[in-house]
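Heads up, the working numbering is the position in the sequence shown plus 464, with the first residue counted as 1.
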Amino acid sequence: MRSLIPFAATEPKTRLAPILAPDERAAFARVMLSSVVETVIAADFEPTVLATAQITDPLPAAASTVVDDQPLTAAVNEQLADGTPTLVVMADLPLLRATDIHDLVGTDADLTIAPGLGGGTNAFCTREPAFRVDYHGASYLDHCEIAADCGATVETVDSRRLATDIDEPADLAEVLIHGDGAAREWLVDAGFELDTDDGRVGVRRQ
Numbered sequence: 465m466r467s468l469i470p471f472a473a474t475e476p477k478t479r480l481a482p483i484l485a486p487d488e489r490a491a492f493a494r495v496m497l498s499s500v501v502e503t504v505i506a507a508d509f510e511p512t513v514l515a516t517a518q519i520t521d522p523l524p525a526a527a528s529t530v531v532d533d534q535p536l537t538a539a540v541n542e543q544l545a546d547g548t549p550t551l552v553v554m555a556d557l558p559l560l561r562a563t564d565i566h567d568l569v570g571t572d573a574d575l576t577i578a579p580g581l582g583g584g585t586n587a588f589c590t591r592e593p594a595f596r597v598d599y600h601g602a603s604y605l606d607h608c609e610i611a612a613d614c615g616a617t618v619e620t621v622d623s624r625r626l627a628t629d630i631d632e633p634a635d636l637a638e639v640l641i642h643g644d645g646a647a648r649e650w651l652v653d654a655g656f657e658l659d660t661d662d663g664r665v666g667v668r669r670q
């Protein structure tokens, strides 16, 4: 089974602009990418990073890079067009573990999908040659419908680690609370800490 990790290499994570400068967003995105790559490798895959531009940071020898500057949906669908069974994992899942990958690929379903907390699609494994993606809006529901239209069986993996992607400043609290890897270390080194002053857990920068 092929494995893909889409990655926005230019101007990543713009919704983190209120708390991170452009160079910091780029650095944090690369840290999360490296973490996901290493986790996918630990799950016995040799991932291909599907990047919008060339990545200058070195990747592990087991990983490769394909540059495709198309929008996410078009780039992933081009890879799916040959019908090869494929695992797709987003690059901003800092809590991801190898066991989560095993859960995705270990089912008998034609499509196994991990939704994000906001209704997106954070990872999926497809064995259905006709399946295609549409990442706009509530893509988890869209992908379930697309699979049904293909006559494919669907299984959902309900996992906090798979569901936690990093898009908004509030998402960083999940990394500080539940993370134990490079992304959490980067945030701590950058001066971030939990903020519980308003009753709801958030983050602040020292």
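Built from N, CA and C at the ideal position, the CB exists for glycine as well.
- Taking 8 Å as the cut-off, the beta carbon of residue 568 is found no closer than this to the beta carbon of residue 595.
- Along the region 477-533, the alpha helix (DSSP H) occurs as fully enclosed runs of 4 or more residues at 486-506, listed in sequence order.
- Short of 7 Å from the beta carbon of residue 526, and not among the five residues preceding or following it, lie these beta carbons of its own chain, in chain order: 505, 510.
- Counting only runs of at least 3 residues, the region 578-628 fully encloses the following beta strand (DSSP E) elements, listed from N- to C-terminal order: 585-590, 618-620.
- A straight line joining the alpha-carbon of residue 652 with that of residue 646 spans about 10 Å.
- Exclusion of the five residues before and after residue 547 leaves 593 as the residues of its chain whose Cβ lies within less than 6 Å of its Cβ.
- Excluding the 5 residues flanking it on each side, residue 512 has same chain C-beta neighbours closer than 6 Å at 468, 528, 530, in chain order.
- For the pair of segments examined, the region 623-631 was found to touch the region 553-561: the number of CB pairs separated by less than 8 Å reaches three.
- Per the DSSP secondary-structure output, residue 669 pairs in a beta bridge with 656.
- If you draw a straight line from the Cα of residue 490 to the Cα of residue 479, it comes to about 12 Å.
- For residue 536, the closest of 585, 664, 663 by C-alpha to C-alpha distance is 585.
- From the listed residues 598, 493, 516, the smallest Cα separation to residue 610 is found for 598.
- Of all alpha-carbon atoms in 498, 637, 541, the one lying nearest the alpha-carbon of residue 664 is that of 637.
- Under a 10 Å Cβ-count criterion, residue 578 is classified as buried, with 16 or more other Cβ atoms of the shown protein chains found around its own Cβ.
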